[in-house]
Structures are given as structure tokens and as C-alpha cells.
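Reviewing the structure listed below.
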Amino acid sequence: MVLPSPIDNSKHWLNETIQCAWDKIRKKARIPNVTIHDLRRTFATWSINNGEELRTIAEMLGHSRISTTAEIYTKISVEKVKAATNKVVNNILTGDNANTDYLRNKA
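Position 48 of the sequence shown, counted from 1, bears residue number 47 in numbering that gives the first Met the number 0, the numbering being contiguous throughout.
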């Protein structure tokens, strides 16, 4: 976990400090079984689903490789899957994008 210190931006909070603070917040708010990494994954997923660039999200999470962010921290929302599926179904039903040159010949 990489969070800058509120006192000195060149330093980072210790994981134990962050975890202790989060545990207090979580207990006071009666939020069961939600980890800091759950929050990070949610942040990344919502950011990508809202159109934020993957590189920006990776930098905000402190990842040196975009692939880490893409593979671990982002999940496609159900709404995005439904929208993509509906577009394909619409193409099939209307004949839009009927170019099939890319299909393999099975002859």
C-alpha cells in the first residue's frame, strides 16, 4: 500500500499505521470485512468504468506496470458487459457490421 505521509510527501505511511486507522474507522462505521485492498480494487474498477485512463489509475495506485492494474485491480461492471452484449445482439438482429471477411473458411 502506498499512501503519502500528510506531514512529508517524500515519505509514506507504514502499512501497520494504515491498517490500524482503517480498523478503527471500519469498526466505528460498522463496516464488516472490508479491507483496504477492497477499497483499492473498488476505486480502480469505478475509475476504469467511468472512463479514466489505465495509466492514470496505475500511477494513482503506485503501480510501475499498467498490467498489474489491469489484471488485478480492475473488474468490468455487469452494466458494461450487458451494454457490450446488447450491441452485438443488435448488430446480429439488424445486420449492421455484417462484414464477415474475418471469419475462417471451414471448407
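Glycine included, each C-beta is placed from N, C-alpha and C at the ideal position.
Chain-order list of residues whose beta-carbon lies under 7 Å from that of T73 (same chain, five-residue window excluded): Cβ within range, chain order: A43, T44 and I47.
Using the rule of at least 16 other Cβ atoms within 10 Å of the residue's Cβ for burial, across every protein chain shown, is I24 buried or exposed? So I24 ends up on the exposed side.
Between the CA atoms of K79 and A20 - distance to the nearest angstrom: Rounded to whole angstroms, A20 to K79 spans 34 Å at the Cα level.
Starting from the Cα of I35, find the closest Cα among K27, A28, D22 and R29 and give me that residue. For the set K27, A28, D22 and R29, the Cα lying nearest the Cα of I35 is the one of D22.
Give me, in chain order, the residues of the same chain whose beta-carbon lies closer than 8 Å to that of S76; leave out the 5 immediate sequence neighbours on both sides. Result list for S76: T44 and N48, in chain order.
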